[in-house]
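In full-length UniProt numbering, the protein residues as written are 14 to 324.
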Ligand code: A3P
């Protein structure tokens with residue numbers, strides 16, 4: 014099975030790109046969480062960049078970020094929080110994990126992974142581990158469209174034709190996408206968040222768009238950094254939202270660049286920022302495609318409390 018030009022492997026029901034197999038295996042077998050680690054989790058294109066930016070901004074809201082090098086005022090969010098399954102074996106990540114703090118001066122460490130819950134390192138999932146997980150999920154139709162743009166951009170070349178939307182939908186519905194199937198991935202995190210709400214926070218991209226202040230407050234409380242309920246607290250929430258916003262990040266010179274991420278050179282820094290809308294799929298999917306995804310969503314989620322209305 015191929016994803017664009019790259020071979021994929023299936024392990025325990027989920028698909029992974031060939032080039033990441035070593036890194037994934039090393040992360041799964043070697044990673045040792047600290048008690049206060051925060052692991053951000055997502056399937057690609059469901060709001061990873063936003064989640065990273067929000068967490069970073071919440072944690073650093075009292076810093077003078079304008080003055081700092083390692084800040085969202087100057088950097089791409091992915092350069093502040095590395096993705097374990099992509100770059101675990103790089104020297105930078107190994108150094109990073111050894112150092113006292115992942116980002117600038119404040120504990121806890123923030124790390125990110127696209128792995129499904131059942132594939133996380135045992136040390137992270139075990140009952141005795143107190144490290145926390147924050148998952149962000151997004152509606153399947155906007156996710157498929159976002160993936161289509163992204164993967165055509167990073168895997169495309171003059172000699173490789175773009176994948177059509179039809180075949181993107183086909184792959185998505187068949188579960189054959191990196192880290193897919195989509196539904197099993199999202200349901201695993203959802204169920205764990207119901208079972209252990211103190212360990213796993215489950216956020217939805219659409220909810221963050223609809224009621225950003227409310228959900229950013231929820232996120233901050235989960236991270237142990239709640240905002241005050243007074244006017245000062247409200248102002249801090251607004252500042253965090255502004256610093257993490259798509260419009261601001263998109264306009265930074267560094268994020269306009271087609272230069273690749275240091276830890277994943279095939280991914281241009283600009284490729285994480287596009288429209289960021291809810292329902293933008295309407296411009297890309299035919300009614301038949303949308304109907305097919307809706308039927309599958311209903312079928313896949315029917316035994317869970319997570320329903321179609323959630324998306
Ligand atoms: P679209 O392609 O629909 O525009 P990921 O970060 O998981 O790779 O997901 C990328 C999607 O999130 C893209 O969606 C992108 O535009 C959107 N996005 C990136 N940064 C964002 C931010 N700060 N706030 C809201 N959406 C953001």
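Glycine included, every Cβ here is placed at the ideal spot set by N, Cα and C.
In DSSP terms, what residue i is bridged to
| i | result |
| --- | --- |
| residue 281 | 273 |
| residue 21 | 30 |
| residue 148 | 54, 215 |
| residue 16 | 19 |
| residue 96 | 125 |
Distance cut-off 7 Å: residue i Cβ against heavy atoms of the ligand ATP
| i | result |
| --- | --- |
| residue 16 | In the structure on display, the ligand ATP does not appear, and the ligands it does have are the ligand A3P. |
Rounded straight-line distance, which links the Cα of residue j to that of residue i
| i | j | result |
| --- | --- | --- |
| residue 95 | residue 180 | 30 Å |
| residue 31 | residue 189 | 13 Å |
| residue 14 | residue 249 | 48 Å |
| residue 308 | residue 185 | 13 Å |
| residue 37 | residue 97 | 7 Å |
| residue 171 | residue 316 | 44 Å |
| residue 259 | residue 137 | 31 Å |
| residue 55 | residue 127 | 5 Å |
| residue 73 | residue 207 | 29 Å |
| residue 46 | residue 53 | 13 Å |
| residue 173 | residue 158 | 19 Å |
Cβ neighbours of residue i in the same chain (closer than 7 Å, five flanking residues each side left out)
| i | result |
| --- | --- |
| residue 103 | 276 |
| residue 205 | 130, 213 |
| residue 280 | 167, 273, 274 |
| residue 88 | 267 |
| residue 297 | 158, 178 |
| residue 238 | 71, 72 |
Unbroken beta strand (DSSP E) run spanning residue i, endpoints
| i | result |
| --- | --- |
| residue 56 | No beta strand (DSSP E) contains residue 56, which DSSP labels as neither H nor E. |
| residue 213 | 213-217 |
| residue 140 | Where residue 140 is concerned, there is no enclosing beta strand (DSSP E), given that its DSSP letter is neither H nor E. |
| residue 125 | 123-126 |
Cβ shell of residue i (< 6 Å), same chain only, five flanking positions each side left out
| i | result |
| --- | --- |
| residue 156 | 58, 59 |
| residue 118 | Summary for residue 118: the model assigns pLDDT 46, below 50, so the residue's position carries little reliability; its value from the coordinates is reported in the next sentence. So the list is empty, once near-sequence residues are dropped. |
| residue 240 | 230, 233, 246, 249, 250 |
| residue 23 | none |
| residue 175 | 165, 169 |
| residue 222 | 291 |
| residue 160 | 58 |
Identity of the residue in the options nearest residue i by Cα
| i | options | result |
| --- | --- | --- |
| residue 314 | 212, 249, 200 | 200 |
| residue 287 | 112, 264, 52 | 264 |
| residue 6 | 294, 237, 300 | For the chain, the structure presents residues 14 to 324; residue 6 sits outside this window and is missing. |
| residue 301 | 192, 229, 183, 227 | 183 |
| residue 162 | 17, 278, 134 | 17 |
| residue 93 | 208, 85, 100 | 85 |
| residue 99 | 266, 64, 41 | 41 |
| residue 123 | 169, 87, 61, 151 | 61 |
| residue 132 | 289, 303, 27 | 27 |
| residue 145 | 110, 80, 160, 48 | 48 |
| residue 236 | 50, 284, 312 | 50 |
| residue 109 | 224, 225, 44, 255 | 44 |
| residue 254 | 19, 193, 227, 244 | 227 |
Sequence-distant residues of its chain with Cβ nearer than 8 Å to residue i (five each side left out)
| i | result |
| --- | --- |
| residue 232 | 67, 68, 71, 147, 214, 216 |
| residue 106 | 95, 97, 100, 276 |
| residue 35 | 102 |
N-terminal and C-terminal residue of the alpha helix (DSSP H) that residue i is part of
| i | result |
| --- | --- |
| residue 198 | 195-208 |
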